[in-house]
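Each residue of the sequence shown is one higher than the one before, starting from -7 at the first, in the working numbering.
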Amino acid sequence: MSTIRQQIIDLLENNDHDAREISQLLRISEKEVYSHMTHIEKTVSAKGKKLLITPSACLACGYTFKQRNRPEPPGKCPRCKSERIRKPRFSIG
Ligand SMILES: [Zn+2]
C-alpha cells in the first residue's frame, strides 16, 4: 500500500491533473491535495524531476496568476474581481 503522496506522484508522472481530479481519484479532499504539494515538490526534485504547475487563470478576463508560488488557487481575480478561476494543474516532468 503506497502512501497518498506516492499515489499523487504516480498520477502526475503519467498525466497532468488539477486538484479536483486528484481528490476524486484518490478520495481525499482538495485541501489535502494542496497540503501534499510542497512535500511532493521536494520529493520529486530530489529525484532530479520537477513539479510543474500550470498557473491559475481568471476565466473572465484571462489574467494569469504567474507570480504565485503557492499551489492553492486564489480566491478571486485581482484585475476584474471575478471568482471564476481556473484551478492550477500539476504534472511531473
Ligand atoms: Zn479577471
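Where is the CB? At the ideal position from N, CA and C, for every residue including glycine.
{"query": "Cβ shell of K41 (< 6 Å), same chain only, five flanking positions each side left out", "result": "I84"}
{"query": "Outcome for L17 when other beta-carbon atoms lying within 10 angstroms are tallied against a minimum of 16", "result": "exposed"}
{"query": "Paired residues, beta bridge with T46 - DSSP", "result": "R81"}
{"query": "Close-in-space but distant-in-sequence residues of the same chain around A49 (CB under 6 Å, 5 per side omitted)", "result": "T56, R78"}
{"query": "Residue environment, A38, which counts as buried when at least 16 other CB atoms sit within 10 Å", "result": "exposed"}
{"query": "Candidates S15, C53, P70, T30: closest to L44 by CA position", "result": "T30"}
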